[in-house]
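Colleague:
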Amino acid sequence: MYRELQSQLVQHVRAFLQKQYQVELKNIPVEQPPSVELGEYALTFCFELAKKLRKAPRKIAEEIVANIGPIPGIERLEVAGGGYINARVDRAQLAKKIVSGSTESAPTGEKILVEHTSINPNKAAHIGHLRNAILGDTFVRLLRADGRHVDVQNYIDNTGVQVADVVVGLMYLEKKSKGEIERLITDPAPRGNQPIDYYCWDLYAKVSGWYELSPENKQTRLKMLHEIEAGNNEAAEIADILSTAILRRHLETMQRLGIYYDFLPRESEILSLHFWDLAFAQLKEKGVLYLEMEGKNKGCWVMKRAGTKAADSEAAEQSGPDEDAKIIVRSNGTVTYVGKDIAYHLWKFGLLGRDFGYRRFFHYAPNPDYPKGHEVWISAKSGEADHPHFGGVSAIYNVIDARQADPQNNVIEALRLLGYAEQAAHYTHLSYEMVALTPRCAAELGYDLLEEDKARAFIEVSGRKGFGVKADDLLDALIASAKREVDLRRTEIADEERHTIAQHVAIGALRYFMLKFTKNSVIAFDFKEALSFEGETGPYCQYSVVRAGNIFRKAGADPDAILRENIDLENIVTGSENDDIWSLWLTAAKLGLIIDQSIATSEPAYLAKYAFQLAQGFNNFYHRHHILTEADESRKKALLATAAIARRELIRALGVMGITAPSVM
RNA sequence: GGGCGCGUAGCUCAACCGGAUAGAGCAUCGGAUUUCUAAUCCGACGGUUGCAGGUUCGAUUCCUGCCGCGCUCACCA
């Protein structure tokens, strides 16, 4: 609506500039004037044109406004300031289009792969993982709202050092047999009735300390890692049952937040199906890797790093070994993490020539996102005969924190050097900054802080040290806090229903909190802020939806039905006395544009800010115009339509963020 | 040392590809017909956008140099 009209306007202006002045502008930026009093769109290109045409910007603006002629949907153009052109739309006409609300973009058919969460399956999920999963899930929802076909993957590193650490803990510190470990997973009693991921959280921290005690202890870790990677032994079996149990816990935690997956590829299958061998052959054949013959990397297969001197200067190549090169295969013949990741990404783009086996792993009961329920598939060496196909996509988004930019860039560079420029260009590392704790928060949690840490703005969480806030704990705290608020406000309804409301509010608060910060801002986590339900929060937005709903409930009207009636929009959106109401309509009309921008910049925070703005606009309207006591029936109906539009678009915006509003709060 | 990112109100953060008076929330203070439920609304207070230059009609935004902070760069994953 707003988006469509905007592109029409740009097209028209572009054609006119070409015809009248023979100029072709690459970009015709469109902004919104500071206030609707000045119009709906602002054009700034006259300033740029001033140089080319050797005329004052205002003069050009005046000429254009005088000569451009009528533009569909635009009432008139006006010159403002030193050379802005402001466009005023035909409000009644646009409002009518907003009411009809049918502008879904056509599906493109191509498949997009979004990978997120990817928590090492050796401990409970913490707030850092929540940011990843919420960011990723919201991005998936954005793409789907835009009509794209998306597969959601959660990569499981079930054979890595982190899993090995916990297995070491069970076998060497706790001295448990395989049978005891199996019982530990099926029976909560031996682990003090805490969930298995919680139990391992503490154990993991303990093992890290144990390694520091002696070099022999540290050796155990390496030995364990190799056994697990090799497979077909007791340690590998223990690692498998343990990591699988913890993985289930992670899926349950994320399910609480409305986060679902389609496929869980595991490192164990990347190893057992020998993905690396195929990738290695390609990398050697195309000369991406070379065997280093001298220097500190002697005997390793290495790859030049992107952007280094060695990569673009031939002179450097002759002056000895490139010691800065990235090692892909160690001198002992084992492959590094980046190597495996290259193979995995060749698979993602369908360039490897081999596929995973697939079997069913987890079933989601019917829910608002999947009314018929949903199946999660997991990789397997030999899977079920009937399975959906994953991988072979045209674009990928990896939601991974900023600390892993370097390995990500290595993988992209490898694809590029292999000649897959197209794929490399559609490989997006959706990078975001970490969630850390404020010193105050750390103190509240009972951690002893070093003096130097107390002075910091934030302290990095560390699973290895057991330092952090567990995802389920935070969600529980939010639900409890929301429940107290609901108990105070809604004494007339049943406790069970109050609990459901509290869950909605808690999820809204948490998801919004994780989305309101732009990606490259470090979140310094603090309970006080995260538990807030006022101001710029999810519950604020949810409350606006509830309020709008209340109006219709009291009026005995259905918001969708109102919009199908014959409404006199002219009298409510036109004229400067109605600027505040019109401005709410206009904000509501922008959701499509905001979704586009959020995708283009891979920045879900835009959407969060927008939802808040829309909620704020509605609350303002709510106070200024008392709908149910409006005497003029025609105006009352138009006000109801206004509330219906704001409500509809706000519900839609929140839905893309995975937030739903309860019917009462 | 190289790479990436950050520095904006007391605090936490915004600012669309460079655009009109740099905006929100929190905190503080003052107010809102006991109403479509106040998880709300209105107002006040609060800024040399780290510093110094440059480009531009116009710079929080782009360029250069400093200062400060975070992350990262292993034959760990």
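For the first sequence, the tail end lands on 1216 under our numbering, and the numbers increase by one without skipping.
Using N, Cα and C, we set each Cβ at its ideal position, and we do this for glycine too.
In angstroms with no decimal places, state the Cα-to-Cα distance between residue 997 and residue 699.
Modeller: Looking at the two C-alpha atoms, the distance is approximately 46 Å.
Colleague: With three or more C-beta pairs closer than 8 Å as the rule, is the segment 706–720 touching the segment 974–985?
Modeller: Flag = no, the segment 974–985 and the segment 706–720 do not touch.
Colleague: Can you find the residues in the same chain that come closer than 8 Å, C-beta to C-beta, to residue 554, ignoring five residues on each side of it along the sequence?
Modeller: Closer than 8 Å at Cβ, skipping near neighbours: 654, 1141, 1143, 1144 and 1147.
Colleague: Could you work out which residue in 886, 855 and 888 is closest to residue 872 when comparing CA atoms only?
Modeller: The shortest C-alpha separation from residue 872 is found at 855.
Colleague: When you compare only the Cα positions, how much space is there between residue 1075 and residue 1122?
Modeller: Going by the C-alpha atoms only, they are around 48 Å apart.
Colleague: Helix, strand or coil for residue 998? Go by DSSP, reduced to three states.
Modeller: Of the three classes helix, strand and coil, the one that applies to residue 998 here is coil, per DSSP.
Colleague: Just reading off the alpha helix (DSSP H) that residue 1169 is part of, what are its end residues?
Modeller: Residues 1156–1175.
Colleague: To the nearest angstrom, report how far apart residue 1175 and residue 1057 are at their CA atoms.
Modeller: Approximately 29 Å, taken between the alpha carbons.
Colleague: Quick one: any contact between the segment 604–623 and the segment 577–591, if contact means 3 or more CB pairs under 8 Å?
Modeller: The segment 604–623 is not in contact with the segment 577–591.
Colleague: Considering only the alpha carbon of each residue, which of 1078, 725, 1050 and 1215 lies closest to residue 990?
Modeller: The option with the nearest alpha carbon to residue 990 is 1078.
Colleague: State the DSSP-derived secondary structure class of residue 1208, mapped to helix, strand or coil.
Modeller: Coil at residue 1208, not helix or strand.
Colleague: I'd like the span of the alpha helix (DSSP H) that includes residue 908, first residue to last.
Modeller: Careful: residue 908 lies outside any alpha helix (DSSP H), inside the beta strand (DSSP E) at 908–915.
Colleague: Considering only DSSP beta bridges, list what residue 985 is partnered with.
Modeller: None, per the DSSP bridge assignment.
Colleague: What do you get for residue 592, buried or exposed, if any count of 16 or more other CB atoms within 10 angstroms of its CB means buried?
Modeller: So residue 592 ends up on the buried side.
Colleague: Looking only at its chain, what residues have a beta carbon closer than 6 Å to the beta carbon of residue 850, apart from the 5 residues adjacent to it on each side?
Modeller: Closer than 6 Å at the Cβ level, and outside the excluded window around residue 850, lie 882.
Colleague: How many Å lie between residue 645 and residue 1117 at the Cα?
Modeller: Distance between the alpha carbons of residue 645 and residue 1117 is about 15 Å.
Colleague: Can you look up residue 1106 in the DSSP assignment and give me helix, strand or coil?
Modeller: Three-state result, residue 1106: helix.
Colleague: One question on the structure: do residue 584 and residue 598 come within less than 9 Å of each other, judged by their Cβ atoms?
Modeller: Contact flag unset, no.
Colleague: Residue 672: buried (16+ other C-beta within 10 angstroms of its C-beta) or exposed?
Modeller: Under this definition residue 672 is a buried residue.
Colleague: Are the Cβ atoms of residue 934 and residue 899 separated by less than 9 Å?
Modeller: In this structure, residue 899 does not lie closer than 9 Å to residue 934 by Cβ.
Colleague: Once the 5 residues before and after residue 796 are set aside, which same chain residues still bring their CB inside 7 Å of it?
Modeller: So the list reads 736 and 747, once near-sequence residues are dropped.
Colleague: Mind reading off the beta-carbon distance from residue 1158 to residue 950? Whole number of angstroms is fine, and I expect it under 8 Å.
Modeller: With 8 Å as the limit, residue 1158 and residue 950 do not qualify as a contact, their Cβ atoms being about 16 Å apart.
Colleague: Would you check if the distance between the CB atom of residue 1099 and the CB atom of residue 1173 is smaller than 9 Å?
Modeller: Yes, these two residues count as a Cβ contact at 9 Å.
Colleague: By Cβ distance below 6 Å, which residues in the same chain neighbour residue 802 in space, the five residues on each side in sequence not counted?
Modeller: Answer for residue 802: 913, listed in chain order.
Colleague: Assess contact between the segment 703–713 and the segment 727–736, defined as three or more Cβ pairs (one per stretch) separated by less than 8 Å. Is contact present?
Modeller: Too few Cβ pairs lie closer than 8 Å, so no.
Colleague: Please list the segments of the alpha helix (DSSP H) lying wholly inside the segment 694–762, counting only runs of 4 or more residues, in order along the chain.
Modeller: Segments of the alpha helix (DSSP H) lying fully in the segment 694–762: 712–719, 729–737 and 747–762.
Colleague: If you compare alpha carbons, which of 999, 857 and 826 is closest to residue 958?
Modeller: It is 857 whose Cα lies nearest to the Cα of residue 958.
Colleague: Look at the alpha carbon of residue 821 and the alpha carbon of residue 892, and state the distance between them as a whole number of angstroms.
Modeller: If I take the Cα positions, the gap works out to 9 Å.
Colleague: Helix or strand or just coil, what does DSSP make of residue 670?
Modeller: Coil, per DSSP.
Colleague: Just mark residue 1063 as buried or exposed, buried being the case when its beta carbon has 16 or more other beta carbons within 10 Å.
Modeller: That one is buried.
Colleague: Have a look at residue 1209 and residue 993 and give me their C-alpha separation to the nearest angstrom.
Modeller: Rounded to whole angstroms, residue 1209 to residue 993 spans 29 Å at the Cα level.
Colleague: Over the uninterrupted beta strand (DSSP E) stretch that includes residue 794, give me the two end residues.
Modeller: Residue 794 -> not in any beta strand (DSSP E); alpha helix (DSSP H) instead, spanning 785–807.
Colleague: How many angstroms separate the CA atom of residue 761 from the CA atom of residue 772?
Modeller: When rounded, the distance between both Cα atoms is 11 Å.
Colleague: What residue does the beta strand (DSSP E) around residue 905 start on, and which one ends it?
Modeller: No beta strand (DSSP E) holds residue 905; DSSP gives it neither H nor E.
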